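*Asks:* This is the structure I have questions about; it appears just below.
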Amino acid sequence: MKFRYAMVCSSNQNRSMEAHSLLKKQGFDVSSYGTGAHVKLPGPSLREPNVYEFGTPYKHMFDDLRHKDPELYKGNGILPMLKRNSSVKLAPQRWQDNAADGSFDIVFTFEEKVFNMVIEDLHSRDQVLLKSVLVINLEVKDNHEEAAVGARLALDLCEQIEAAESWEDSVDDILASFETKHRRKLLYSISFY
C-alpha cells in the first residue's frame, strides 16, 4: 500500500477501531485516534457513562466493565468490542496528541464534529513539511452495526484511492463516484503538514 491512513472518531473505540481492524487485516498502513477529552463508553444509563483517560489499555477497560456488570456489557456489545480493540492495539490514542506518530496521507473521520476538530488541529500545527493530507468525513452512526458498514465503506474508498495514480489529481472523481455508488454524502478538505 502506498498511503498512510488514520481513522478518527470521538473515543477511538467503535467506528475508528472497526475501520482500523478491517484495514489492518487488508494490509493497509493504518492508525486510529479519538478527538474527545476523554474516552466514554456506555454505562448503566445515559447519565452514567464509563469514562477513561486516553492511554488506558483496552484490556483494563474490559476487566473493569466485566467486573462491574458482565451481562450488561456483554449484551450491549461493549466487551466484545473491547476484546477486538485489544487485538488491534494497546490503548485508545488522542488525535491532538499524535504529532510524534508522523504524517498521514489520508484521514477518515466518522462524524462531522470530529472532522471539524481534526481540520482545526491540523491548521493549528506548524506546517513545515508542506505535505498534503486529505481529510474525509464519512458520517456513521455510533453503533456496532453502522460501524461495521462504515468500515466496509471506508475500505472501499481506500481501495479506490490506492488504485489512483495520484489522489491529488483524481480526488474529485473518486469521491463523486463513491457518493453515487453508495448514496452517501462525503465532506472533505485538504490540509498540510
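When you number the sequence shown by the working numbering, it's gap-free, plus one each residue, and the end is 257. Cβ coordinates follow ideal geometry from the N, Cα and C atoms, glycine included. In this text, all values refer to a predicted model and were calculated from it rather than measured experimentally.
(1) Any idea what DSSP makes of Ala240, helix, strand or coil?
(2) I need the DSSP call for Arg248, collapsed to helix, strand or coil.
(3) Measure how close the beta-carbons of Arg68 and Asp169 come, nearest whole angstrom, since I'm counting them as under 8 Å.
(4) Going by C-alpha to C-alpha distance, which of Asn149, Leu136, His208, Tyr257 sits closest to Ile183?
(5) Can you name the start and end residues of the beta strand (DSSP E) that Ser75 belongs to?
(6) Which partner residues does Asn201 have in the DSSP bridge list?
(7) For Glu175, which option in Gln160, Arg148, Leu146, Lys205 has the closest C-alpha, if you only look at C-alpha atoms?
(8) Less than 8 Å separating the beta-carbons of Gln90 and Leu219?
(9) Closest by CA to Ser253, which one among Leu86, Ser167, Ser241, His187?
(10) For Ser167, which three-state DSSP category applies?
(11) Work out the CA separation of Asp161 and Tyr97 for me, nearest whole Å.
(12) Within 10 angstroms of the Cβ of Glu229, are there 16 or more other Cβ atoms? Answer buried if so, exposed if not.
(13) How long is the line joining the alpha carbons of Asn114 and Lys104, rounded to whole angstroms?
(14) Does the distance from the C-beta atom of Pro106 to that of Asn76 stay below 8 Å?
*Replies:* Walking through what the data contain:
(1) helix
(2) coil
(3) 5 Å
(4) Tyr257
(5) Careful: Ser75 lies outside any beta strand (DSSP E) and carries neither H nor E.
(6) Thr173, Leu251
(7) Lys205
(8) yes
(9) His187
(10) coil
(11) 9 Å
(12) exposed
(13) 6 Å
(14) no
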